[in-house]
Every structure is written in C-alpha cells, then in structure tokens.
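Taken in order, the sequence shown gives residues 17 to 497; the numbers are from the numbering used here.
Glycine included, each C-beta is placed from N, C-alpha and C at the ideal position.
A quick note: this is a predicted structure, and the numbers were derived from the prediction, not measured.
Data block below; observations after.
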Amino acid sequence: MNRMQRLISGVAVLAAAAGSCVLALALPHSEPISVAAERVVSSSEPITIVCSGGLSRTFENGLDVTEVTEDVRVESWVLGTKDGLEGAAPTVTFSGSGVAAVGPLAFEASSEAREGAATTQADGNPEQILLAGGTLHVASDGDLRGTAMNPCQSASMDQWLVGSQSGVGTSNEILLANPGLTPVTVRLAAYGSVGRLDLGSSSRVTVDAQTVQRVSLDGIVESDSRIAVHVTTDAGAVAASMQEITLDGARAAGVSFVTPGQSGTDLIIPGINATEGQTANLEAPTLRIVNPGTQAATVDVYTRDDDEEEELAGGQGLTVAPGTVLDLSLAGLSPGFHSLRLRSSSEIAAGVELHRQSGDTAPRDIAWATARPAQETGAVVTGPLHGALVVTPTTAGEAMVTATPIAADGSLLDEITVTVPEASTASLSLPEGAVAVVFRADAPIAAAAVTQSAVTDGNAIDWVAPFAPDSQVMTRRVAVD
Numbered sequence: 017m018n019r020m021q022r023l024i025s026g027v028a029v030l031a032a033a034a035g036s037c038v039l040a041l042a043l044p045h046s047e048p049i050s051v052a053a054e055r056v057v058s059s060s061e062p063i064t065i066v067c068s069g070g071l072s073r074t075f076e077n078g079l080d081v082t083e084v085t086e087d088v089r090v091e092s093w094v095l096g097t098k099d100g101l102e103g104a105a106p107t108v109t110f111s112g113s114g115v116a117a118v119g120p121l122a123f124e125a126s127s128e129a130r131e132g133a134a135t136t137q138a139d140g141n142p143e144q145i146l147l148a149g150g151t152l153h154v155a156s157d158g159d160l161r162g163t164a165m166n167p168c169q170s171a172s173m174d175q176w177l178v179g180s181q182s183g184v185g186t187s188n189e190i191l192l193a194n195p196g197l198t199p200v201t202v203r204l205a206a207y208g209s210v211g212r213l214d215l216g217s218s219s220r221v222t223v224d225a226q227t228v229q230r231v232s233l234d235g236i237v238e239s240d241s242r243i244a245v246h247v248t249t250d251a252g253a254v255a256a257s258m259q260e261i262t263l264d265g266a267r268a269a270g271v272s273f274v275t276p277g278q279s280g281t282d283l284i285i286p287g288i289n290a291t292e293g294q295t296a297n298l299e300a301p302t303l304r305i306v307n308p309g310t311q312a313a314t315v316d317v318y319t320r321d322d323d324e325e326e327e328l329a330g331g332q333g334l335t336v337a338p339g340t341v342l343d344l345s346l347a348g349l350s351p352g353f354h355s356l357r358l359r360s361s362s363e364i365a366a367g368v369e370l371h372r373q374s375g376d377t378a379p380r381d382i383a384w385a386t387a388r389p390a391q392e393t394g395a396v397v398t399g400p401l402h403g404a405l406v407v408t409p410t411t412a413g414e415a416m417v418t419a420t421p422i423a424a425d426g427s428l429l430d431e432i433t434v435t436v437p438e439a440s441t442a443s444l445s446l447p448e449g450a451v452a453v454v455f456r457a458d459a460p461i462a463a464a465a466v467t468q469s470a471v472t473d474g475n476a477i478d479w480v481a482p483f484a485p486d487s488q489v490m491t492r493r494v495a496v497d
C-alpha cells in the first residue's frame, strides 16, 4: 500500500490568483475505475470514498483590520460499518493504512485535514457497507469565521455544484479528487444570472491519478451574484466540491463547501432551517435553480414541514430561462426544519443557501444545501457541534427512521427513532458529544445533517450530505454543456 505522497505542486493557493494546486493521494492498488457509460459496483470490487482536504485560506491576510483571535480548529474523521451495526467492523484502509476497529465500527479521528481515500471490500453486498468521513473547519472570529465540513465522497462522472457568487469579496476554489490510476480530464461549465460564464482555459482541467487538484475561479469568472458549476468527465470519475469564502468589506460573510447535488425533473432538498424573531429576515434561506437546457423550464416548488407538503407561496409556475440561474427568497417559512420539493418541465439542478446573522452589522455564516437521492441507509460525519439529522420520505407512505449517534471515541450512543408522516419533514436531534451518525429507514428517504455552533457575535451553520450506498451507482448523463 502507498502512503500519501507529497505535494506535486508546491505553489500555495493565494487570494486573487487564478490557478490550481495539486495534492497526491495514496490508495490501495486496485483495478482502475471503469469508464463504462453506466455501471454498478459489484460485490468483488472495493468501495471507496475520497477526502479532498479542508478549508484553505485564499484571501491574503490583512483584509480584517481589527485584531481578532480567530481560534481556527481543524478536525477530521473516517468511519466504516455494516448496515445494522452488527458483527465485526469491516476492514477499512485510509491512504493505505488500516483504520482501527472500535466495536462494529472502523473509526479514526485526527486533528489534521484529511486527504486520501477510504476503501473497504463489499464482502458480498455493497448495499450493506457504509462509509463516511470529512474535514471540519471551525473559526470563532476573523476572515474565516464560521463552520464548514468538506465531506468525503464517492467519485462521479456528472456533478452539479449549485452555490456561491463571483466577484469582489468572494473567493471560490473547486476541489477535484481523482482516486483512479490514470489521469482524468474534467470539464467545468459555469452558469450565471444571464447565461453561461466564460471560464477560459479553466473549463478543461486534467487531474492526475490519485491526486486532489484545487482550481481557483478567482479572477476568471465575471462578477455575478449567483452561479452554479457543472462538473463532468468523459472517462474516469472525480469527487468534487467548491470552497466558498466571502467577506463584506472587512467583515466575515461566510465560509462553506458546496457539495454535489442531483439534477432532474423531480428534486428533494432536505434540511432547510428557518428561524424566527428579529433576525428571521436576515437569516431567510434562498432557493437557487439552474436550468442548463436550451428551453425555458417551468418549476413548481413545494414545502414540507412536520405535517404536510404544500405549495410554496410565490413558488408556482416559476420560469427559468435557458442557461440561467434563478434565486428565490424563502422568507416566510415557518420556524423549524423543512424540505423542498421541486417539479420541473425539464431537467434542472438546485440548492438552498442557509444563513446565520445576529444583526445588520454582525458577521454572517452560510451553508449550501443540495438535492439528495433516495436512500434507506446512510452515514454522515458532523463533528462535535449541535446537530440534527433531517429526513423526509421520497415515496408514498410514512417512513420509520432509526439513527445511532457516534461519540468522539467511536462508541455507539443511544438510538433515536422517529416515524415521519408521508410528505413531511422530521429532525432527529443528535446528543452532545456526537461526531457522526449512522441511520436506516424502512422506506426511502432524503436526508441531511444540519449543525450549528456558537461563534463570536452569533452562530455558525453547516449542512452536510450523508454517504448513500446508491452513490456507488455511477451513471453518465448526456452532457448539455
């Protein structure tokens, strides 16, 4: 087994410099990833998730002119288990080294960013194996104030990163991780409020085998208040996420990792959190829809609270022009957790920006929620923050969901069970000390973890997508770019 190789490129990532940096990944030697148009991982092949590192400072120091104590903390985890948390832990390696077994879990924590691949063998049924991991950034103050988890992911050939904006005050970096044994050519297509955005030479990026490449969009993408990026490959697969750091002058305005979401004509976005009181308008979520097609898309939006699904006021018959991105405020949602359902006349992708801001002049934190696939089992790393697993059924009828939180030492905490009525949303509050959660349901659900934590002058928020066994199914769509 190879250990993690050193930096291939020693160029540091800087604020306004457009470019990229490459990190080498070490994985167990295995057959190269298949590049067939559609395939399902068989029981004889390894299951792999790829971790592409943590948050990197891309603004130069000095933008925050006040003296602050940032108190930046970095923590990372990787875990593996079998559905049901029964029997011995699966054998999991991370970057070639074995992950220790803690009861039914393979579990490892670190105070450093996690770059590499976690791999295990399916042992007969890949649907029974759950992997999860990620690197958490927490800063109490300063330019990087807020929380942001970059979760480890399965590689894919077609991904949508719906979130962020471009221009002065925002720095965007796309992280591309190639777990394969051969280079992968990645196409990036950016969309904005009035159409396609020119990425120049950055529209085509070659990611070397077993590396993570960071591609800066700063100084490349023209200024736009709403963007989305389509990440595709013709052969091979990558894991993608987009780091966003935003400043409002010298004031922190949010850190986040935009993670991939589904595209389609019927989408569900779980884990939309609305607040109440004097900050409700400041903290109102914002729905973003991108239409990559050549014809206008007509979209109807529905909300799911703890009781039922209903039409979103002002969200029926929305017209999204071809090749454009539309934003819609979700101000007016009742306090608590919601899910959104979007039905469209043609294929779209969508996301929701969540906000936390204690006052007009206070710093802000953000998180981006994405459309999730249906799953019946899953696992997600949250970090030691106040968190909840938010779920909604994706088929007719109710769903019973059982969640097992994982403590910082890898031990299992008490199970939590909830029955979720049809077309509604429920949250399972995670206990203090939990850093991850494994869950299962008796019917398909869409799920996400939402976390909050206290920072200087308010709270921070994050939204984290779980690992789903269905993500081991790799499907290549017909490209529209």
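Around Ser126, the same chain offers Ser92 as residues with beta carbons nearer than 6 Å, after the five sequence neighbours per side are excluded.
Here DSSP, grouped into helix, strand and coil, assigns Glu189 to strand.
Cα atoms of Pro106 and Lys98: separation of roughly 7 Å, rounded to the nearest angstrom. Taking Trp479 as the centre and dropping the five residues before and after it, the same chain places the C-beta of Gly287, Leu370, Ala383, Trp384, Ala385, Ala464 and Val466 closer than 7 Å to its C-beta, in chain order.
DSSP, read as helix, strand or coil, puts Gly352 in strand. By the Cβ rule, the segment 256-272 counts as touching the segment 184-193, because three or more pairs are nearer than 8 Å. DSSP lists Thr302 as the beta-bridge partner residues of Ser345.
Relative to the Cα of Val274, the nearest Cα in the group Val368, Arg230 and Leu177 belongs to Leu177. Counting C-beta atoms within 10 angstroms of its own C-beta, Met173 has 16 or more neighbours from the protein chains shown and is therefore classed as buried. DSSP places Gln229 within a strand segment (E or B) once states are collapsed to three.
A check of alpha carbon separations from Val154 across Asn475, Leu342, Pro485 and Gly183 identifies Asn475 as the nearest. Ser217 sits in a helix when the DSSP states are folded into three classes.
A residue is called buried once 16 or more other Cβ atoms fall within 10 Å of its Cβ, and Pro400 is buried on that count. Taking the C-beta atoms as reference points, Gln229 is found nearer than 9 Å to Ala193.
Per DSSP, Gln468 is one residue of the beta strand (DSSP E) stretching across Ala450 to Val471. In the structure shown, the three-state DSSP call for Glu124 is strand.
Within the same chain, Pro199, Val200, Thr201 and Val202 come within 8 Å of Thr222 by CB-CB distance, once the 5 residues on both sides are set aside. DSSP places Gln278 outside both helix and strand once states are collapsed to three, so it counts as coil. Within the DSSP bridge table, the entry for Thr335 names Thr314 as partners. C-alpha of Glu326 to C-alpha of Ile285: approximately 15 Å in a straight line. Following the DSSP letters along the chain, one finds Phe110 inside the beta strand (DSSP E) bounded by residues Val108 to Phe110. In this structure, Gly339 sits near Pro308, with a CB-CB distance shorter than 9 Å.
The C-alpha of Leu342 is placed about 41 Å away from the C-alpha of Thr136.
Beta bridge pairing from DSSP links Val210 with no other residue.
Within the segment 137-203, the runs of beta strand (DSSP E) that reach at least 3 residues and sit entirely inside it are, in chain order, 145-155, 162-167, 174-178 and 186-194. In the DSSP annotation of this structure, the continuous segment of the beta strand (DSSP E) that includes Val247 starts and ends at Ala244 to Thr249. Residue nearest to Pro167 within the set Val317, Leu444 and Ala395 is Ala395 (criterion: CA-CA distance). Collapsing the DSSP output to three states places Pro485 in a helix. CA-to-CA, the gap between Leu152 and Val66 works out to about 15 Å.
The residue among Met416, Ile63 and Arg380 with its C-alpha nearest the C-alpha of Leu95 is Ile63. A Cβ-Cβ distance of about 6 Å is found for the pair Asp322 and Thr441, placing them in contact under the 8 Å criterion. The beta carbons of Ala312 and Ile305 sit no closer together than 9 Å. Following the DSSP letters along the chain, one finds Gly96 inside the beta strand (DSSP E) bounded by residues Arg89 to Lys98. Membership of Leu444 in the beta strand (DSSP E) is indicated by the continuous run Ala442 to Ser445. The bridge partners DSSP lists for Ala395 are Val454 and Phe483.
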